[in-house]
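Everything on this sheet refers to the single structure shown next.
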Amino acid sequence: KQEVTQIPAALSVPEGENLVLNCSFTDSAIYNLQWFRQDPGKGLTSLLLIQSSQREQTSGRLNASLDKSSGRSTLYIAASQPGDSATYLCTPNSGYSTLTFGKGTMLLVSP
Amino acid sequence: KAGVTQTPRYLIKTRGQQVTLSCSPISGHRSVSWYQQTPGQGLQFLFEYFSETQRNKGNFPGRFSGRQFSNSRSEMNVSTLELGDSALYLCASSFGGLAGNEQYFGPGTRLTVT
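Quick note, the sequences are listed as chains V and H, same order.
Under the working numbering, the first residue of the first sequence is numbered 1, with each subsequent residue one higher.
Under the working numbering, the first residue of the second sequence is numbered 1001, with each subsequent residue one higher.
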């Protein structure tokens, strides 16, 4: 059974800092890993999808890396902004459409 | 293209009642998955439908059921509501391939049981 752990659980930083969010998972037999953000009371917004054959994926100020064999992924956020404040969730996909989520990292970026 | 839509967005029900939630996937997507999100348990998988068939099911009681129509729209039903069913219910759609296609989530339905 897949288990997902995200560290830290919460993070508070001033605007402009570079951040690293960590995600670890127990079953390395995955096809891909997806990062989402969730604003309070809202649905999930897809940020990045990184395939198991890839090492990195970039979108704007976001960069995700994946080390499938060790069961780890990191999300790097450059030059953080107050609009980045949200909960960030990672989910490894072991096939089909059944996703397992951790508790996420709650990020607060202050002006 | 239009995203995943969920209706209604908010619901208030009384214990013992039943409720039906609806999810319309992105055009061309054949898989719809449902998730329950609560502060205590986080996001938990309920079930997934692909081409009108339930393909996967999470660890929820039989009071939770669903179905999918030929146009890929899906409904989720909860019977005999309990206070603990209060949650944000999210659906996600994808092409549904074995290799795990990218998932797109709707805005959710906030269910409050009193």
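Where a beta carbon is used, it is the ideal one built from N, C-alpha and C, also for glycine.
Using a Cβ distance threshold of 8 Å, V:Ala86 and V:Arg37 count as a contacting pair. Beta-bridge analysis with DSSP links V:Ala64 to V:Gln57, V:Leu75.
Contact with chain H is absent for V:Lys68, since none of that chain's Cβ atoms lies less than 8 Å from the residue's Cβ. H:Thr1014: not part of any beta strand (DSSP E); DSSP gives it neither H nor E. Contact of V:Gly71 with chain H is not assigned, every C-beta pair being separated by 8 Å or more. Counting only Cβ-Cβ distances below 7 Å, H:Tyr1089 has no contacts in chain V at all, with the closest Cβ about 10 Å away.
At a cut-off of 8 Å, the C-beta of H:Phe1064 has no neighbouring C-beta in chain V. Within 10 angstroms of the beta-carbon of V:Asp27 lie fewer than 16 other beta-carbons, which makes it exposed. When Cβ-Cβ separations below 8 Å define contact, V:Gln34 makes contact with chain H.
Distance from the CA atom of H:Leu1090 to the CA atom of H:Trp1034, rounded to whole angstroms, is 6 Å. At a cut-off of 8 Å between beta-carbon atoms, H:Arg1055 makes contact with chain V. The Cβ neighbour count for V:Lys68, taken over all protein chains shown within 10 Å, is at least 16; the residue is labelled buried. Judged by DSSP secondary structure, H:Glu1075 falls within the beta strand (DSSP E) whose first and last residues are 1074-1078. Within the same chain, Val1078, Leu1111, Val1113 come within 7 Å of H:Asp1085 by CB-CB distance, once the 5 residues on both sides are set aside.
H:Gly1040 and V:Gly83 have their C-alpha atoms spaced approximately 26 Å apart. What H:Glu1102 touches in chain V, judged by beta-carbon distance under 7 Å, is Gln34, Ser46, Leu49, going in chain order.
For V:Leu66 against V:Trp35, the beta-carbon gap comes to about 10 Å, at or over 8 Å, which does not count as contact. Within chain V, no residue has its CB atom less than 8 Å from the CB of H:Ala1002, the nearest being about 14 Å off.
DSSP, read as helix, strand or coil, puts H:Gly1084 in helix. By the criterion of a C-beta distance shorter than 7 Å, H:Arg1063 is surrounded in its chain by Val1078, Ser1079, Thr1080, once the five residues flanking it on both sides are discounted. Beta-carbon to beta-carbon, H:Phe1105 and V:Gly43 are separated by about 4 Å, close enough to satisfy the 8 Å threshold.
For V:Lys42, the nearest beta carbon of chain H is closer than 8 Å to its own beta carbon. Distance from the CA atom of H:Phe1045 to the CA atom of V:Thr91, rounded to whole angstroms, is 12 Å. The residue from H:Cys1023, H:Gln1037, H:Thr1038 with its alpha-carbon nearest to that of H:Ser1031 is H:Cys1023.
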